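So the sequence lines, in the order shown, correspond to chains A and B.
The first sequence lines up with residues 32 to 799 when you count with the working numbering.
The second sequence lines up with residues 21 to 315 when you count with the working numbering.
The C-beta atom is built at its ideal place from N, Cα and C for all residues, glycine as well.
Bear in mind that the values here come from a model prediction, so they are computed numbers and not experimental data.
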Amino acid sequence: MKIIGSSPDRVDAFDKVTGKAKYTSDLLPPHALEAKVLHSTIANGWVREFDLSEAWKVEGVVDIVTCFDVPDIQYPTAGHPWSNVPAKQDISDRKLLNTRVRCYSDDIAAVIAETELAAIEAVRKIKVVYEELPVILDVKESLANTAFPLHEERPDNIVNKTSYEIGDFEEAIKEKGLTRISGTYDCPVVSHCHIEPANSFAYKEAGKIVIVSGTQIPHLVRRMVGQALGVEWGKIRVIKPYLGGGFGNRQDALTEPLNAYLTTRVGGRPVRLAYTREETFECTRTRHAMTFDLTTYVRKDGSFAARELTVYSNQGGYASHGHALAANAANAFRMMYPVGAIRGKAITAYTNMPTAGAMRAYGIPQVAFALESHIDDISKETGLDPLLLRTKNMMRLGYVDGPTTITCHSTGLAECIEKGEEHLDYSRKRLAYADQSGPIRRGVGMAIFCYKTGVYPISLETSAVRMILNQDGSMQVQVGATEIGQGADTVWVMMTAETVGVTLDKVHLVSKQDTDVTPYDTGAYGSRQTYVSGMAVKKTAESMKRKILEYAALMTNKDPMDLDIVDNKIVRKNTDIVLITVKDVAMESCYSLTNSNHIAVEETHHCSDNTYAFGVCFTEIEVDIPLCQIKILDIINVHDSGRIINQTTARGQVHGGMSMGLGYGLYEYHKFDPKTGRMLNGNLLDYKLMTPLDTPTLHAAFVETDDPTGPYGNKSLGEPPTIPIAPAIRNAVLNATGVSINSNPLHPERLFDSFVEAGLIKQRSEHV
Amino acid sequence: MYNFKTLYEATSVAEALKLKANHPEALFLAGGSDILIKIREGRLAGVDLINIYMLDELRGICLEKDGSILIRPLTSFTDVAMHPVIKEHLPVLGEAVNTIGGPQIRNIGTIGGNICNGVPSADSAITLKAYDAVLEIVSTEGTRILPYADFNLGFGKVDLGPTELLAGIRIPKASWENTYGHYIKYSMRKAMDIATLGCSVNVKLAKDKQSIDQLRIAFGVAAPIPIRTPKAEELAKGETITKALIDRIGEAVLEDVNPRSSWRASKEFRLQLIEELAKRATVEAIKKAGGTINV
Chain A
32 MKIIGSSPDR VDAFDKVTGK AKYTSDLLPP HALEAKVLHS TIANGWVREF DLSEAWKVEG
92 VVDIVTCFDV PDIQYPTAGH PWSNVPAKQD ISDRKLLNTR VRCYSDDIAA VIAETELAAI
152 EAVRKIKVVY EELPVILDVK ESLANTAFPL HEERPDNIVN KTSYEIGDFE EAIKEKGLTR
212 ISGTYDCPVV SHCHIEPANS FAYKEAGKIV IVSGTQIPHL VRRMVGQALG VEWGKIRVIK
272 PYLGGGFGNR QDALTEPLNA YLTTRVGGRP VRLAYTREET FECTRTRHAM TFDLTTYVRK
332 DGSFAARELT VYSNQGGYAS HGHALAANAA NAFRMMYPVG AIRGKAITAY TNMPTAGAMR
392 AYGIPQVAFA LESHIDDISK ETGLDPLLLR TKNMMRLGYV DGPTTITCHS TGLAECIEKG
452 EEHLDYSRKR LAYADQSGPI RRGVGMAIFC YKTGVYPISL ETSAVRMILN QDGSMQVQVG
512 ATEIGQGADT VWVMMTAETV GVTLDKVHLV SKQDTDVTPY DTGAYGSRQT YVSGMAVKKT
572 AESMKRKILE YAALMTNKDP MDLDIVDNKI VRKNTDIVLI TVKDVAMESC YSLTNSNHIA
632 VEETHHCSDN TYAFGVCFTE IEVDIPLCQI KILDIINVHD SGRIINQTTA RGQVHGGMSM
692 GLGYGLYEYH KFDPKTGRML NGNLLDYKLM TPLDTPTLHA AFVETDDPTG PYGNKSLGEP
752 PTIPIAPAIR NAVLNATGVS INSNPLHPER LFDSFVEAGL IKQRSEHV
Chain B
21 MYNFKTLYEA TSVAEALKLK ANHPEALFLA GGSDILIKIR EGRLAGVDLI NIYMLDELRG
81 ICLEKDGSIL IRPLTSFTDV AMHPVIKEHL PVLGEAVNTI GGPQIRNIGT IGGNICNGVP
141 SADSAITLKA YDAVLEIVST EGTRILPYAD FNLGFGKVDL GPTELLAGIR IPKASWENTY
201 GHYIKYSMRK AMDIATLGCS VNVKLAKDKQ SIDQLRIAFG VAAPIPIRTP KAEELAKGET
261 ITKALIDRIG EAVLEDVNPR SSWRASKEFR LQLIEELAKR ATVEAIKKAG GTINV
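Quick look at the structure:
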């Protein structure tokens, strides 16, 4: 392959760094109205009445809509492909505005005004009468308190629960000589923090509702807006320009359904619904908080005889992606170390927390924190080497997961571990750091992961691509999945050029999706774009090449089978004899007086395969015990993501994922007022997203395998880099201090509490 | 979009004071890095503003004839940090204001605004407190001189009347001469953050550099206002520099602080930081003064 594996510049780089790239709010038509949502100031209860009299007096107010006015329709918001099987459909549990309040800052009314300021002012002047219920933020409490279920349809507050058992667990633990280790691990609510807050605008044109929004999933949003408004799906049109990050938050219908409804209230005038940063924190989606109870029965040689997981997942007020994440986490627990008897149980429950949805790596950073911390706890308990515990029990080539049939078609995990070990000198340092004293101590830690590529067979995997040949021999490519900053447009251009046989400059990727004209694809999520959408790009490019060659064969009186395309030229196959050029074919096929045939192709790839990507993180840290601070001295991620399509953008993906993982391990978590359920740190001052000064030098390396199922030997890479960081850091703290900290992130106050408990910091009497 | 009612533009200090006398509820607008946030949050919706940001007579730093350092209130944090007088005679103040926000905030934010805002986490306030700064406050009635020690009345409250304006911050010569300071901002990240705890320490050593002539320790966020720790300062006076002394200082500061538990940090955690930061900042200040810590 000539182009795959090289490192051309991103196709969107120039426009993005020069400010030419257009994002949603750059495209706002003149005289657009501005909408603002009134969010509830209780977390549980009902809206009983509004007093709108003062709000209506604000100059510039055009319309006020309340939860008593919106269509009586419940709709889903999760960015999953729709299912024709009712039992597999996403839960429809929210209305455009809600009378039954289920979380703090729930959407209960909206104002449309001539200016943003007037809308803000009017929202502030709406008076609300609530009937309040006690606030329930904890999963176990929610399962126990069902007197007032959050949703009538689910009287036990359970979104869903699932379980599995591989082998006979009870029988397996009877084996003599096993050591039982168990632990409970907690992961907090965190936010995506994409740079562009949630925003959209909508208007009516030609009898249709047009919504412009930076979504990861334009075709799914079209369907969900149709469902929410009770409008035929063909009458909804979604346009997706460039967006400033998604990370899964935009794998959900966010402002779009209400925005679409609001424009219908004002005769189709353009209405913008732009969330502030604070609203983006409080009122969009979060990463699920999860609690894991893990137990392992280990033999003296380090092999696992039996393992058990129970995961409690906190859904918040609305289902969104619901139980899919806890189920994903429970599956990964099984897949990572598929030996011995394994049983898992996952429960997702509604609470009055903000709604959790999709976020980079979809439940796996949670289970990886729990599981990989647990492996080092087993090591601590048994004295067995942490690398041995992993290499002895981890997934191997050819593994077929029983419940999902997902197969390990390629693995470079062992080589990833070797490479990480070599970079850090892990084993030697781990022993050297084992028994330190003094206030400043060092430690090393590591963690591994597996990650499935795409969502087959749990969900539909389908993707369509269109290519149109221009007269100059270049071509337009339209892909239904989206560029969300991950570099998808660039790799699709590379794939097209590679497969058709043209140079990169001959491929024009249409970055903007418009559901009226863009082929169908479920969207950008699940690290599926190079794999699933890539398969569709490859298939379409092959068809494009065939069509060009068929026409070229007519022009040259040759058999198409004897022709090939190399560097924009039609050549005799396996020779460098140039017959004509692709441009010659394009011109003739377009303007021929006897045989015009505009060359365009569209193909759907129905993907029915999946595979695992792997990787590791190794890190060395320094802990300042009296100041409760961790300093990263060295950190490396090594990934097996199959064949790397673009070396530069792949490294960028790893760096970005590591940054998010460092946030998850050290800095980021949401705090809530236990009485009201209000998010306390829903802003970028109090939510401690890392700054460049906090970011250590990030090392990224790859072990390239050639996956037989990937279109170009490739596997997922978008999400995985986030996964192993937090447990690697946590294990390094264990190595440095001997203290197992079972909740992330390891922020200073958590270290303080843990060090006091462990006796590393003296307990203070009531001094002052 | 910002919801304010009227913006008065002052072209001189005299005019600014007149405007303030006529509109005592109006707020002076300097860099705006605090006020605009409050307006955006809706806390000051409909407020009247008097813009003083263009008044260059309130901007700049100079070494006065009497040896005092005069800092005008509209001096930006960036200019404080870069100014040769500060770099030469009061570098710790430059280091302290360099921890504020990010470059953009330090370009727009002013030192006068920082202390008039009256919050205990103000990075410049903690060091000014440690150096016994003196404030010059003006109104149409005239000028009032006030020790900075008496300026903070409570959280977010300062001794500034409805018609008054801070016009100068002065560090007397005796306060900075032969004095070496160190500031530690403890925050959850290295930029774009407010202090969980701030500690500014400065020392004057005896000629032989073996003992302490004067020690001053100020804390931010250890109480509702920036505070000093007189007990620790007193016990250090004349003492030989030893590790034991540093430990005693760390313990003594606890007697003068009063941190609260909030959702941002617990009281116990802040006490741990107070003791540790006092020791570390004292050690660093002593090192800057040319002293060493004897075991």
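Problem - Span of the alpha helix (DSSP H), counted from its first residue to its last, around B/Q124 - result: Run containing B/Q124: 123 to 128, per the alpha helix (DSSP H) assignment.
Handout entry: Closest Cα partner of A/I675 within the set A/D737, A/P727, A/E310, A/D416
Key = Checking every option, the nearest Cα to that of A/I675 belongs to A/D737.
Exercise for the section: Specify the secondary structure class of A/Y306 as computed by DSSP and reduced to three states. Expected result: DSSP places A/Y306 in the coil class of the three-state scheme, outside both helix and strand.
Practice task
Give every residue of the same chain whose Cβ lies closer than 6 angstroms to the Cβ of A/T317, excluding the five residues on either side of it in the sequence, and list them in chain order.
Solution key: These residues qualify, in order along the chain: V220, S222, P385, A387.
Practice task
Return no unless some Cβ of chain A is closer than 7 angstroms to the Cβ of B/R209.
Solution key: The Cβ of B/R209 sits closer than 7 angstroms to at least one Cβ of chain A.
Practice task
Name the two residues that bound the continuous beta strand (DSSP E) containing A/F323.
Solution key: 320 to 329 is the span of the beta strand (DSSP E), which, as asked, contains A/F323.
Problem - In DSSP terms, what A/C648 is bridged to - result: Under DSSP, A/C648 shares a beta bridge with A/A478, A/N668.
Problem - Whole-number beta carbon distance between B/A50 and B/G133, since they are thought to touch under 8 angstroms - result: Indeed, because the Cβ distance is near 4 angstroms, the residues count as touching under 8 angstroms.
Problem - Interface residues of the stretch 708 to 726 of chain A facing chain B [CB-CB below 9 angstroms] - result: Listed in sequence order: L711, N712, L715, L716, D717, K719, L720, M721, T722, P723, L724, D725.
Exercise for the section: Name, please, each residue of chain B whose Cβ falls closer than 7 angstroms to the Cβ of A/F783. Expected result: Neighbours of A/F783 on chain B, chain order: F289, Q292.
Practice task
Put B/I59 into one of helix, strand or coil per three-state DSSP.
Solution key: Helix at B/I59.
Handout entry: Chain-ordered neighbours of B/N134 on chain A, where CB pairs are closer than 8 angstroms
Key = Against B/N134, chain A offers no close residue; the least beta-carbon distance is about 16 angstroms (beta-carbon pairs closer than 8 angstroms).
Handout entry: Cutoff 7 angstroms; reference A/P186; Cβ partners in own chain excluding five residues on either side
Key = Contacts found: T177, P180.
Practice task
Measure the Cβ-Cβ separation of B/A256 and B/I232 and say whether it is below 7 angstroms.
Solution key: Going by C-beta atoms, B/A256 is nearer than 7 angstroms to B/I232.
Handout entry: Closer than 7 angstroms to chain B by CB, A/H798
Key = Any answer about A/H798 is weak, because its pLDDT of 49 lies below 50 and its placement is not dependable; what the coordinates show is given next. With 7 angstroms as the cut-off, A/H798 counts as an interface residue toward chain B.
Exercise for the section: Can you tell me which of the three DSSP states B/F171 falls into? Expected result: Note: B/F171 maps to coil in three-state DSSP.
Practice task
Only counting runs of 3 or more residues, tell me where the beta strand (DSSP E) segments fall wholly within the stretch 483 to 513 of chain A, in order along the chain.
Solution key: You should have 493 to 500, 506 to 510.
Exercise for the section: Taking A/Y700 as the query, report the chain B residues whose CB atoms sit under 9 angstroms from its CB, ordered along the chain. Expected result: Within chain B, no residue has its CB atom less than 9 angstroms from the CB of A/Y700, the nearest being about 11 angstroms off.
Exercise for the section: Please check if any C-beta of chain A sits within less than 7 angstroms of the C-beta of B/M74. Expected result: By this cut-off, B/M74 is not an interface position.
Exercise for the section: Give the residues of chain B in contact with A/R795, contact being defined as C-beta atoms less than 8 angstroms apart. Expected result: The answer, in chain order, is E288, L291, Q292.
Handout entry: Inter-residue CB distance, B/N127 and B/S96 (contact presumed, cutoff 8 angstroms)
Key = Sure, about 6 angstroms apart at Cβ, within 8 angstroms.
Practice task
Take A/T635 as the anchor and find which of A/L658, A/G741, A/W264, A/T493 has the nearest alpha-carbon.
Solution key: The candidate whose alpha carbon is nearest that of A/T635 is A/T493.
Exercise for the section: Check whether the Cβ of A/Q507 sits closer than 6 angstroms to any heavy atom of the ligand SAM, and report yes or no. Expected result: Among the components modelled here there is no ligand, and therefore nothing to report on the ligand SAM.
Exercise for the section: Could you have a look at B/M74 and say whether DSSP puts it in helix, strand or coil? Expected result: Residue state for B/M74 is assigned as coil, using DSSP reduced to three classes.
Practice task
Identify every residue that forms a DSSP beta bridge with A/G76.
Solution key: A/V132, A/E163.
Exercise for the section: Take A/Q517 and list the residues in its own chain whose beta-carbon comes closer than 6 angstroms to its own, dropping the five residues that flank it on each side. Expected result: Correct list, in chain order: G749.
Exercise for the section: Indicate whether at least one CB of chain A lies closer than 7 angstroms to the CB of B/N118. Expected result: Against chain A, the CB of B/N118 has no partner CB under 7 angstroms away; the residue lies outside that interface.
Handout entry: Exposure label - A/V48; buried when at least 16 CB within 10 Å
Key = Per the 10 Å Cβ criterion, exposed.
Practice task
Decide yes or no for the touch test of the stretch 552 to 565 of chain A against the stretch 59 to 71 of chain A: beta carbon pairs closer than 8 angstroms, at least 3 of them.
Solution key: Taking 8 angstroms as the limit for Cβ pairs, the verdict is that the stretch 59 to 71 of chain A does not touch the stretch 552 to 565 of chain A.
Practice task
Let me know if A/H798 comes out buried or exposed under the rule of 16 or more other beta-carbons within 10 Å of its beta-carbon.
Solution key: Here the model assigns A/H798 a pLDDT of 49, short of 50, so the residue's position is not dependable, and the following value carries that caveat. Here A/H798 is exposed. Its C-beta has fewer than 16 other C-beta atoms within 10 Å.
Handout entry: Any C-beta of chain A under 7 angstroms from that of B/E115
Key = Taking 7 angstroms as the threshold, the shortest C-beta distance from B/E115 to chain A does not fall below it.
Problem - C-alpha gap between A/Y141 and A/A229, whole angstroms - result: It is worth fixing the name first, because residue 141 of chain A is Ala in this sequence and not Tyr. So the alpha carbons of these two residues sit roughly 16 angstroms apart.
Handout entry: chain A within 7 angstroms of B/N23, Cβ atoms only
Key = The Cβ of B/N23 sits closer than 7 angstroms to at least one Cβ of chain A.
Problem - Integer-rounded CB distance, given that A/V243 should sit under 8 angstroms from A/T108 - result: That pair is no contact at about 18 angstroms.
Exercise for the section: Counting only runs of 3+ residues fully inside the stretch 130 to 162 of chain B, write out the beta strand (DSSP E) ranges in chain order. Expected result: Listed in chain order, they are 154 to 159.
Exercise for the section: Can you check DSSP and say which residues form a bridge with A/Y234? Expected result: Partner(s): A/V241.
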